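Visitor: First residue of the sequence shown: 676, per this note's numbering; consecutive thereafter. Each residue gets a CB set at the ideal place from its N, CA and C atoms; glycine is no exception. Just so it is clear, the structure is predicted and the values come from calculations on it, not from any experiment. Dropping a structure here in structure tokens format, bear with me for questions.
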Amino acid sequence: MALVVHILACLLGTGSWVAINGMWVELPLIVPRVPEGWYLPSYLTVLIQFANVGPLFVTLIAPAAEGARMVQGH
């Protein structure tokens, strides 16, 4: 079961990765048409980096949560 969950998580991540790469490829066509202009890539970069904070937080907190469960006896 754990292997299936890991494979599905990888597929979900791959889909997100492809979508973001598609956005970067299309930027030269999008930038002239949007009011943000060339600020748009900067906004996207900041948003994508903020999106990376969530998984990092979970990765760092998971061992502490496991330790807390062991102490409580669950």
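Compute the beta-carbon to beta-carbon distance between Gly-712 and Val-706, rounded to the nearest angstrom, for a pair I have assumed lies under 8 Å.
Guide: Taking the first residue of the sequence shown as 1, we reach residue 712 at position 37. Taking the first residue of the sequence shown as 1, we reach residue 706 at position 31. About 6 Å separates the two Cβ atoms, so the contact holds.
Visitor: Are Pro-716 and Leu-704 close, meaning C-beta to C-beta below 8 Å?
Guide: Position 41 of the sequence shown, counted from the start, is the residue given in the question as residue 716. Position 29 of the sequence shown, counted from the start, is the residue given in the question as residue 704. No. Outside cutoff.
Visitor: With a Cβ-Cβ cutoff of 8 Å, do Met-698 and Leu-719 count as a contact?
Guide: Taking the sequence shown and counting its residues from 1, the one referred to as residue 698 is at position 23. Taking the sequence shown and counting its residues from 1, the one referred to as residue 719 is at position 44. It is a contact, given that the beta carbons lie within the stated cut-off.
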